[in-house]
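Residue numbers (full-length UniProt numbering), protein chains in the order written: chain Z, 1 to 70; chain V, 1 to 70.
All C-beta atoms in this analysis are idealised placements derived from N, C-alpha and C, irrespective of residue type, glycine included.
Bear in mind that the values here come from a model prediction, so they are computed numbers and not experimental data.
Here is the structure we will look at, set down as structure tokens.
Number of protein chains: 2
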Amino acid sequence: MHTPEPEPPFPPLPELVTPGEVAALFGVDAKTVTRWALSGRLPGVRTPSGHHRFRRHDIDRLLHQSGSTP
Amino acid sequence: MHTPEPEPPFPPLPELVTPGEVAALFGVDAKTVTRWALSGRLPGVRTPSGHHRFRRHDIDRLLHQSGSTP
DNA sequence: CAATAGTCGGGTAATTAGGGAC
DNA sequence: GGTGTCCTAATTACCCGACTAT
Numbered sequence: 001m002h003t004p005e006p007e008p009p010f011p012p013l014p015e016l017v018t019p020g021e022v023a024a025l026f027g028v029d030a031k032t033v034t035r036w037a038l039s040g041r042l043p044g045v046r047t048p049s050g051h052h053r054f055r056r057h058d059i060d061r062l063l064h065q066s067g068s069t070p
Numbered sequence: 001m002h003t004p005e006p007e008p009p010f011p012p013l014p015e016l017v018t019p020g021e022v023a024a025l026f027g028v029d030a031k032t033v034t035r036w037a038l039s040g041r042l043p044g045v046r047t048p049s050g051h052h053r054f055r056r057h058d059i060d061r062l063l064h065q066s067g068s069t070p
């Protein structure tokens, strides 16, 4: 017995997507998505191995962003 | 710096999470998380049976290394 | 003890990162 | 300046069966 685990472990489940997914959503090459991440234009998380993962929420927002760049 | 470090009365409770949880947080497969641990990329504890447990603090730190929404 | 879910271990195909050039 | 394609090396995802933990 070692299961006191209350049960509130995952409040925000960030759905992360791969560069390939983002590339398909934006209609660009996966390498371009990686360039965005490296340039700091696209926020996301990085795995300890250097791979990129992006939040679907952010991607969705950019996709639905019907405005001009400030 | 001057940190008297008051030595806590008893050791802090390390919140340990399973490979599956870490995998969900990073958007990768659980096996990948195990591979990180075996490669020494991800600090963690190992049970006598060979199962991995990671500190939520370490995972959180790696996740928070990158922000969101620019 | 029986059953379920999660994890481990190995193997293979697909994806990704990185560089460099057009 | 930004994007797509080439190549190589590294990493990852999914397959299986077996074990552990609850």
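Asked                                                                                                                                                                                                 : Found
Given a threshold of 16 other Cβ atoms within 10 Å of its Cβ, counted over all protein chains shown, does Ala-24 of chain Z qualify as buried or as exposed?                                          : exposed
Rounded to whole angstroms, how far is the Cβ of Val-17 of chain Z from the Cβ of Arg-56 of chain Z, which I believe are closer than 8 angstroms?                                                     : 5 angstroms
With a 10 Å radius around its C-beta and 16 neighbouring C-beta atoms as the bar for buried, classify Pro-19 of chain V as buried or exposed.                                                         : buried
Roughly how far, in whole angstroms, is the beta-carbon of Gly-40 of chain Z from the beta-carbon of Phe-54 of chain Z, given that I think they are within contact range, below 8 angstroms?          : Between Phe-54 of chain Z and Gly-40 of chain Z the Cβ distance is about 13 angstroms, and since that is not below 8 angstroms, they are no contact.
Is the Cβ of Val-45 of chain Z closer than 7 angstroms to any Cβ of chain V?                                                                                                                          : yes
Who are Arg-55 of chain Z's beta bridge partners in DSSP?                                                                                                                                             : Z:Leu-16
Leaving aside the five residues before and after residue 74 of chain V along the sequence, list all residues of the same chain whose C-beta is less than 7 angstroms from its C-beta, in chain order. : Shown here, chain V extends from 1 to 70; a query on residue 74 of chain V therefore has no answer.
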